[in-house]
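If you read the protein sequences in the order shown, they are chains A and B.
Read in order, the letters of the first sequence correspond to residues 607 to 1264 in this note's numbering.
Read in order, the letters of the second sequence correspond to residues 32 to 105 in this note's numbering.
Accompanying notes for the structure given below.
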Amino acid sequence: MKKIKVALIGTPNVGKSTIYNQLTHHHEHTGNWSGKTVGVSYGECVFQDICYCFYDLPGTYSLNSKSKEEMVATDFIVFEDFDVAVVVCDATNLEKGIKLVLQTKEICKNVLVCVNLIDEAVKKGISIDKELLEKRLDSSVIFTSAKNKKGLTDLLLAIKNSIDHDYLVIDYGLLNPYLDKIIKKIKTKRFNSRFIALKILENNSYYMKKFNEVGIMFKEYPIYIDVHLEVALKIAKKTKEVLDGVVVKECFKSDFLERKIDRFLTSKIWGIPIMLALLFLCFYLTIIGANYPSSFLFSFFASFESPITNFLVSLSFPSFLVSLIVDGIYKTLYWVVSVMLPPMLIFFPMFTFLENLGVLPRIAFNMDRAFSKCKACGKQALTMCMGIGCNAVGVTGARIIDSKRERIIATLTNVFMPCNGKFPSLIAIITIFFVGLNQEYGSLFCAGIITIFLFLGILLTFLVSFILSKTILKGEPSHFTLELPPYRMPKILDTIIYSVKNRALFVLGRAVSVAIPAGIILWVIANTQIQGISILAYLVQFLDPVGFALGLDGVILLALLLGFPANEIVVPIMLMGYLSTNTLIEMDNLEALRNILVSNGWTIKTALCFITLFLYRFPCSTTLLTIYKETKSKFYTVLSVLIPLSIGVILCLVINFV
Amino acid sequence: MRLDQVKLNHFAVIKQVSGKMKRRLYDLGFLPGEMVQCVLVSPFLDPKAYMVRNSLIALRNCDARDIEVQDEED
């Protein structure tokens, strides 16, 4: 089969990932903010006996940028081997995209222009003269609306039929004579020598080194002109020439409404309360929505226990193996699934909806001042939001922060955001000890208390970020530029499908893969007996003194330690310890849970200490692994454990002895 | 006058851009001769968001200080 390699580039927020997803069904997650695509994604699509191989590059404003993430895009365009470059532009703001088209045409011969979000442009009263644009650019232009699956077939056909053109020659004014001089000295067939000459004039050490590596030698060429300014001005000029008469805008109505919403969301009085209220609402809906499906899943899975046992016995499995499989693995597994899945199915779509709508960059905008006071980056607010979903996702998301120092601060403090896996246990304990059972507005209070804990987490994040940037991660804050994209109403169904497929199932998959070994370990320590006492009981005895000092007991401490693979199994392990059973205990009945806890000496103080240490102990194993992968440093990985752990322990000591 | 001093809703024309962030700002459209408008001020008064060439870009005041402008409202 014939293969065509296609590079997808574009400025941030143009729906590039949506096009990629629609074409490849790879379902890369999309979001309405810069830097959503990190690294290069690859996906294939077969259409009319041709295999289209798509490379989705991170969004970039220009091809001579310095930021780490945007460099990925430029490097790919310059040095990788592909057939067609498709530049995705935003029909509602064509100028930004065309700038990138011009730069791409300086580097590649075969460039297609995909004008996306064309529906939205029509709604906003913007019309674009396609033929004129094609003539001016000397490239095919395709109109698409990826969200509504329009124009994608045209895009594939255009890719198939696209042909090489000459490199674009932009008039660089003052630089022209210098460029001509340098071009004569460069011998290359693979690259546009004019582009190389430009990099030499820019004195771009990164590319000079890169070109040296592929065997193109040259000398520095210092001149006394602000090359960057000249280049930027001439590209802007050329862009205006290209677009002159191409775009006609009729009204400015929708912009006006958008500014009004913006004013409200970022107002001095309402900005911060609204953000907290939004989070509160998300928690509240998650709490009331997840209750019923959780207990349903529970009894559903539980009903399979005896059939599985009978089946295994009929295969004449030894009884300890049957117990290991059913009580150890199966039970832990369905426990994790039924406790985790319903809240995630509610929380992630809501969160994705806010994200696609474009609310998250506004939150970063509101919060940046506080972060800059801590010498951190406002984009950390975005990674914190992602951390509420899953800390591992938050840690990966820290890649959107340019400066390494600020990125590590965001990584190390992400654990202060309580992840989704902690919610069910938090809700149970808070309901029992702080709200009271069967209260009329119980879930409302509960969501309120969780929001307060979240607020404390935010304060801790600031405090730790501040201390870190004053001690081991010293330095000035780097610069902060953030585009606030237009609001875009996401498609509800697509949002649900994407978030379930990409986030909920992804997180669940990881939780399940750690729950299996955890179930085995638990079963072994609960069922192996030395002199008639199980290992579990020995461990509890051993931990008791430390537990008491922290306002807890040995069982709680053991549960917190053994819950390292997944936060959702902490409370079940605890119950197992209290009841000296050798399998996990159901938690769906809060009344029963309360009785067990109270009869084991739990008071409000115990509950408070437990919540504190539960929230601030160490990242779960998945997150820790992610931190190590992202920072590639054992030091920071260890630090990411020590910081929250020491804070949690200190807080517990304070609560216990005051 | 510097960009961070431009009042809310006021327009200004960029005269010169300096500082370490110059290239980044050029990429975002902050070029000499361009018209900018201060559109949003965050709850803590910093950063502010500016409309430049049809995009809304948030800048910290310390960075906006690197952009010299001519206020159009005077």
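All C-beta atoms in this analysis are idealised placements derived from N, C-alpha and C, irrespective of residue type, glycine included.
Note down the Cα distance separating residue 615(A) from residue 38(B), rounded to an integer number of angstroms.
36 Å
Compare the C-beta of residue 733(A) against all C-beta atoms of chain B and say whether one is closer than 8 Å.
no
Excluding the 5 residues flanking residue 65(B) on each side, which residues of the same chain have their C-beta closer than 8 Å to its C-beta?
44, 45, 83, 84
When the Cα atoms are used, what is the spatial distance from residue 708(A) to residue 971(A)?
31 Å
Starting from residue 1218(A) and walking both ways along the beta strand (DSSP E), at which residues does that stretch end?
Run containing residue 1218(A): none in the beta strand (DSSP E); it sits in the alpha helix (DSSP H), 1210-1221.
Distance, residue 1176(A) Cα to residue 1128(A) Cα:
11 Å
Any idea if residue 920(A) is buried or exposed, counting beta-carbon neighbours within 10 angstroms, 16 or more meaning buried?
exposed
Residue of 773(A), 1001(A), 697(A) minimising C-alpha distance to residue 716(A)
773(A)
Residue 695(A) - DSSP class collapsed to helix/strand/coil
strand
Check the Cβ of residue 835(A) against every Cβ in chain B and list those closer than 7 Å, keeping chain order.
57
Counting only beta-carbon separations shorter than 8 Å, does residue 94(B) have a partner in chain A?
yes
Output needed for residue 1243(A): all residues of its chain with C-beta closer than 8 Å, excluding positions within five of it in sequence on either side, in chain order.
Cβ within range, chain order: 1230, 1233, 1234, 1237.
Nearest-angstrom Cα distance between residue 718(A) and residue 1228(A)?
41 Å
Would residue 847(A) pass as an interface residue toward chain B - the criterion being a Cβ-Cβ separation below 8 Å?
no
Pair within 8 Å by beta-carbon distance, residue 1022(A) and residue 1067(A):
yes
Can you confirm whether residue 1065(A), when its beta carbon is compared against all beta carbons of chain B, has any partner nearer than 8 Å?
no
Spatially closest choice to residue 598(A) from 957(A), 911(A), 1173(A), 935(A), by CA coordinates
Since the displayed chain A opens at 607 and closes at 1264, residue 598(A) lies outside it and no answer follows.
Return helix, strand or coil for residue 1078(A), following the three-state DSSP convention.
Coil at residue 1078(A), not helix or strand.
With a threshold of 8 Å between beta-carbons, can residue 66(B) be considered close to chain A, or not?
Contacts with chain A at 8 Å (Cβ-Cβ) do not include residue 66(B).
Would a check of beta-carbon distances place residue 88(B) closer than 8 Å to chain A?
yes
Which one or two residues does DSSP pair with residue 69(B) in a beta bridge?
Residue 69(B) pairs with 81(B).
Cα-Cα separation between residue 805(A) and residue 684(A), rounded to whole angstroms
12 Å
Backbone CA spacing between residue 798(A) and residue 690(A) [nearest angstrom]
16 Å
Which runs of the beta strand (DSSP E) spanning at least 3 residues fall entirely within the segment 972-1046 of chain A, listed in chain order?
none
Using a Cβ distance threshold of 8 Å, determine whether the segment 932-939 of chain A contacts the segment 1062-1080 of chain A, with at least three qualifying pairs required.
no
Residue ranges of each alpha helix (DSSP H) within the segment 1119-1202 of chain A, 4 or longer:
Inside the segment 1119-1202 of chain A, DSSP marks whole alpha helix (DSSP H) runs of 4 or more residues at positions 1141-1155, 1160-1168, 1176-1184, from first to last along the chain.
Look up residue 99(B) in the DSSP assignment and give the residues it is bridged to.
DSSP lists 33(B), 47(B) as partners of residue 99(B).
Measure the C-alpha to C-alpha separation of residue 1148(A) and residue 1139(A) and round it to an integer number of angstroms.
A direct Cα-to-Cα measurement between residue 1148(A) and residue 1139(A) gives close to 13 Å.
Whole-Å CB distance - residue 748(A) paired with residue 720(A), under 8 Å assumed
Contact between residue 748(A) and residue 720(A) holds, with the beta-carbon distance rounding to 5 Å and staying under 8 Å.
Nearest candidate by alpha-carbon position, reference residue 49(B), set 73(B), 63(B), 42(B):
63(B)
List the residues that DSSP assigns as beta-bridge partners of residue 1299(A).
Residue numbering for chain A in the displayed model covers 607 to 1264; residue 1299(A) lies beyond these limits and cannot be assessed.
By the 10 Å Cβ neighbour count, where 16 or more other Cβ atoms means buried, how is residue 1029(A) classified, buried or exposed?
buried
Between which two residues does the beta strand (DSSP E) carrying residue 652(A) extend?
647-653
To which residues of the same chain is residue 981(A) closer than 6 Å at the C-beta, ignoring the five residues directly before and after it?
1075, 1083
Short check: CB of residue 942(A) to CB of residue 1053(A), under 8 Å?
no
Have a look at the DSSP bridge pairing and note the partners of residue 42(B).
Under DSSP, residue 42(B) shares a beta bridge with 68(B).
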